[in-house]
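The structure appears right after this line, and notes come after that.
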Amino acid sequence: MDLSLLRVELCVAVWIFVLLAADVFLAPAKKEGLSWLALAGIGIALVVSLQPLPIGPAPTGLFALDGVSHYFKPLFLATAAAVILMTQAFRPQMPQHPGPFYVLLFTSVLGALILSSIQDLILLFLGLELLTFSLYIMAAYLKTDGRSVEAGMKYLILGSVSSALLVYGIALLYGAVGDTSFAAIRAFLASGELTLAAQTGILLVLAGLGFKLAAVPFQLWLPDVYEGAPAPVVAFLAVGSKMAGAVALMRLLFLALAPIQPWWSPILASLSVLTLLYGNLGALGQRNLKRLLGYSSIGHAGYLLMGFAVGTLDSARAVAFYLLAYLVSTLAVFLIVCAATDELGGDDLDHYAGLSRRSPGLAAAFFIALLSLAGVPPLAGFVGKLLVLMSAVAADRLWLAGIGAVNVAISLYYYLMVVKRMYVDAPPSPSPVRVPAASLLALGALILLILGIGICQAPFLSRINLALIF
Amino acid sequence: MVEAHSAAAAVGATDPALLALAGKAAWAILLTPLICAVAILLVGIHRKSFAMAAAVGGLATSLICTLFLFFQASQGHLAVPFEVSVTWISLGGLSIPFGVLIDNLSLIMTLVVTGIGSGIFLYSVGYMHDDAAASRYFGMLSLFAFSILTIVLSTNWIQLFIGWELVGFCSYMLIGHWYAKPSAAAAGNKAFIVNRVADFGFIIGILWLWSVSSTASDDRTVHFATLMARLPVLVESGAVPVATLSVIGLLLFCGPVGKSAQFPLHVWLPDAMEGPTPVSALIHAATMVAAGVYMLCRTFWLFEMIPSTLNVILYVGAATAFLAAALGFAENDLKRILAFSTLSQLGYMVMAIGLGGPVAAMYHLTTHACFKALLFLGAGSVIHGTHEQNIWKLGGLTRSMRWTSLTFLIGSLALIGFPGLSGFFSKDEILVLAREHNLPIYLLATLTAGMTAFYTGRLWFVAFMGKGHAHGHESPPVMLGPLFFLAGLSVVAGYIGIPAWLGEHHEAFHWDVALTSTAAVAAGVTISWLLYSKRAIAAGSLVRALALPQSFVENRYYIDDIYTWYVQNIQQKIIAAGCAWFEQNIIIGAVNAVAALAQGLGRLLRLFQTGVVQTYVLVFVAGVLWLITRYLAVR
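For the record, the sequence lines run as chains A and B. Residues 0 to 469 in numbering that gives the first Met the number 0 are what the first sequence spells out, letter by letter. Residues 0 to 634 in numbering that gives the first Met the number 0 are what the second sequence spells out, letter by letter.
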């Protein structure tokens, strides 16, 4: 067994114990330092994850360190780093003991890292559970806040239902194929057999992953959880967890289910349309920013599903780019939300009224990040949407691309409503919003990335084209 | 004319280390002004000295890099043309590079921009010293330098167009620098809008050319070098008919008609004189307005293939040269006379293109950039010293502003083509070309040379030697320095072998052409001397005798009036009103209906969101059942 394949995961796993030990031995007054320790751990793992891939064919087996996982692992780690900074900024709202929170975050990241390398249904299940279990607890981390506990509870119940269906699907698929590895499933499907048991199994697995991505009709938990859970946790749910679901789905579709693409393509296409419309229409008229972002995150899942539904190599690459753009934009939005919640007094849209007059820089950054989420050129989000829609057009799915384009217009409305609140309405108080320096630095870097990726997309595209080969 | 050195004689392999260095220098030429512009606009907007230092330093850096490349290329160490570029946008089927193309043509133009530009930047330090918004001015100047270099060094049509629009924007900002003055704000708008009209045709031409540029094996392209190799093949094989290419050529020519202010879109340039005078010198005389001519030279391989379009270019240029020179007769504003002269000289350059002589056009562009920048800076020095720009109120400047007058005289002599000065040689090239190809145009161009001498003489005799009362004081050394520098250039630019550098074998000197044009110039100067200095002929009786052409010229051929009438009566009352009605009643209605529909659907969907977890599980399971019943397929 070659342990070097697991180098990133090992880093994170070891650091879980470092954090646990530090949490035990550090004096209570010094526990603030834990966040920096956690950041250091992420930094080490990030450096390790950026090491070039070993030359040679990607190994077969449960777990692979190939181009896809090599592309996504640094993204998961960067997300975790941003979430740690958000937790720092969000501290006034958090309970006194931050130690367990970071341990849970690391466990969750470990699950996401594993998911980006899966080659087997068993590991798919393990990775998903590792990712989600910690999130249940993190969502309910504000023990004294009824909404947070409710969010954790709802997430747990719906998550359990989805896990049960997923594991049942895996069992059915194993029964049909006689193996759980992606290669074996692919060989089985390529032979032309598609038994009812296998179909049912695949549909159940898709439903389980649909829960992670928040695809309609498996999305009802999401707005409630987004509104109730602590903002840094929501950020990890929105970026880390969704991206992990997308990578797992990408690996499953392109490595295991490629031979029956004509069968699953229309399924994902209809899920995509439903998800797009539900997310974007539902977001209209929301009054809570986190809830609005929840609906918008459902809408983004629709675009990811559209890329999968098209099912070409180009569309998979478009999804990878879309996730990168979504990551930088969403993290920028949540950095602001986490940093501003305490001083603004809450996370309703009313609290953001007149932000441009209180903190012009913060409002401008928010503006750019929201426009990028909406897909306005020349920002990162625009290129992501453009690539996904173009891949749909190239594959002659004009109606799908058309619905995607209409949804861009709808989403622009509610994103701009937030902007209108910030720039037109009068502020409740004139005091500027103070943001910790580290968060400000990260925010600046993310805004630069939003602009940089949007204006100069060629290096990112070539990186993706090299990494994503199925 | 003397050939100073045999340019780029040895074209061969370049030393790799030198090539790498040259690539860096090429990027530095383009990007230094941009970095300075961003720095000034972001952090220097309230720090005037920083803004001045950054702007001058930035362009001087570009100039040094240009000189380095020019030296390496002229010594034959560096093989030109060479290109450095990055792929800026790469989407299936569309690839847009962004880069720097170094060849003899772009080097000479870059030298004009950075060399004359540096002088004008330095001059601005003196001229704008007391201006409250000097930082914005210098930020915009730096941005302009980046924009014009984007055009000059462009490797492709899209990059050129981006630079083209950026210079338009900078021109707008700088014409309207004193925007509190209504006439300056209006002039900025006019320049911007007239150029929009022209650029509309230009971009259609670019996109059309791109759309027909694919071959069986290769994708469509906007890249100059690729197009240059590919177009003749496409035309020969019949894939692109010459007629189509001619229309594309005409659309592309719309760009220069706007930017280089050719008839009938010349109307914005005289008004653009509302801007600070160094801006008039740099943008509206030496570089930006010449960008149209440069573009025609850069892409002459395209126009070469379409003689009918070249003919249109020839007549537009000749008409501009002649009509604008006549406008100079009746103008009383110092800067506007120079503006009409610029129009007329731009007409000469465009005419040279139409005659198939890009080298002659570039030659005249270069010498004109020197002496016209000199004349504008001289005019600026006069305005700075006297706060007066009506030529009849000026006078006796040869005594009160001795150095300014001396350099202005050198510039004037170069402009009219006084034998031995730069304008003489470059205008001669164009006249020789005209005589070879088109006799009527030759006669018109010679007549125009005489007219140039007349209005320039009038300007000199009235403003500098006349008896007006605004005397003023001499300008500071920081402003006089650039004047001497440019005066020196105006003298020597004819001797340094520009045509040879641009690759033309110099033909024997045409004594007959030179003598004829010199005679015309002498006649022009003599008449203006008799009228305005000696006053041997009463100007009043002449005006009465020429009442009809006089009123025509004073009203600038009524072209402005025609445009105003069109805008007020047709555009505003019919087209704009119709669009407004359509928007008020149809579009807004449809938008509101769609919005109401979306809001209603959203409200409907939120009914699912009960908050009761049992419902959620129910919907989840129902969804799974729906998937299974809907998609389970029996094979």
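Glycine is no exception: its CB is placed at the ideal position from the N, C-alpha and C atoms.
Taking DSSP as the reference, what is the three-state secondary structure of residue i?
| i | result |
| --- | --- |
| A:SER116 | coil |
| B:HIS222 | strand |
| A:SER180 | strand |
| B:ASN194 | helix |
| B:PHE508 | coil |
| B:ASN554 | coil |
| A:GLY284 | coil |
| A:GLY374 | coil |
| B:ASN331 | coil |
| A:LEU164 | helix |
| B:PHE262 | coil |
| A:PHE459 | helix |
| B:LEU393 | strand |
| A:PHE217 | coil |
| B:ASP270 | helix |
| A:PHE62 | strand |
| A:ASP347 | strand |
Can you tell me whether residue i is buried or exposed, with buried defined as 16 or more other CB within 10 angstroms of its CB?
| i | result |
| --- | --- |
| B:PHE637 | Any answer about residue 637 of chain B is impossible in this case: the structure gives chain B only from 0 up to 634. |
| B:LYS334 | buried |
| B:ALA228 | exposed |
| A:VAL7 | buried |
| B:ALA179 | exposed |
| B:ASP511 | exposed |
| B:SER216 | exposed |
| B:TRP459 | buried |
| A:GLY32 | exposed |
| B:TYR293 | buried |
| A:LEU134 | buried |
| B:ILE586 | exposed |
| B:THR65 | buried |
| A:GLU192 | exposed |
| B:ASN584 | exposed |
| B:LEU514 | exposed |
Beta-carbon within less than 7 Å of residue i's beta-carbon, same chain only, minus the 5 sequence neighbours each way: which residues are those?
| i | result |
| --- | --- |
| A:ILE15 | VAL102, PHE105 and THR106 |
| A:ARG316 | ILE463, ASN464 and LEU467 |
| B:ALA479 | Before going on, a small fix: residue 479 of chain B reads as Leu here, not Ala. Result list for B:LEU479: TRP402, in chain order. |
| B:SER105 | VAL151 and LEU152 |
| B:THR517 | PRO418 |
| B:LEU432 | ALA351, LEU354, GLY356 and ALA359 |
| A:GLU342 | VAL432 and ARG433 |
Using a Cβ-Cβ cutoff of less than 8 Å, which residues in the same chain neighbour residue i once the five nearest sequence positions on both sides are dropped?
| i | result |
| --- | --- |
| B:HIS76 | THR13, ASP14 and LEU17 |
| B:ILE305 | VAL241, LEU244, SER245 and GLY248 |
| B:ILE561 | none |
Excluding the 5 residues flanking residue i on each side, which residues of the same chain have their C-beta closer than 6 Å to its C-beta?
| i | result |
| --- | --- |
| A:MET137 | LEU103 and VAL232 |
| B:PHE299 | PRO357 |
| B:GLY125 | PRO475, VAL477 and MET478 |
| A:ALA437 | LEU84 |
| A:ALA338 | ALA88, VAL434 and SER438 |
| A:VAL148 | ALA139 |
| B:ASP332 | GLN388 |
| A:GLY281 | TYR294 |
Requested in this report: Could I get the ranges of all uninterrupted alpha helix (DSSP H) runs contained in the stretch 64 to 132 of chain B, with 4 residues as the minimum, in chain order?
Outcome: 103 to 110 and 116 to 126
Query raised in the report: Along the chain, which unbroken stretches of the alpha helix (DSSP H) at least 4 residues long are found entirely within the stretch 433 to 480 of chain B?
Result: Qualifying alpha helix (DSSP H) stretches, in chain order: 438 to 458.
Query - the stretch 351 to 367 of chain B / the stretch 421 to 441 of chain B touching (three or more Cβ pairs under 8 Å) - result: The stretch 351 to 367 of chain B makes contact with the stretch 421 to 441 of chain B: 3 or more CB pairs, one atom from each, lie closer than 8 Å.
Requested in this report: Only counting runs of 3 or more residues, tell me where the beta strand (DSSP E) segments fall wholly within the stretch 355 to 429 of chain B, in order along the chain.
Outcome: none
Query raised in the report: Is there contact between the stretch 125 to 143 of chain B and the stretch 163 to 181 of chain B, where contact requires at least three CB pairs shorter than 8 Å?
Result: Three or more beta-carbon pairs drawn from the stretch 125 to 143 of chain B and the stretch 163 to 181 of chain B are found closer than 8 Å, and the two stretches are therefore classed as touching.
Query raised in the report: Can you list the alpha helix (DSSP H) stretches of 4 or more residues lying completely in the stretch 301 to 354 of chain B, in chain order?
Result: 306 to 326 and 333 to 353
Query - Within the stretch 98 to 148 of chain A, ranges of the beta strand (DSSP E) (whole runs, at least 3 residues) - result: none
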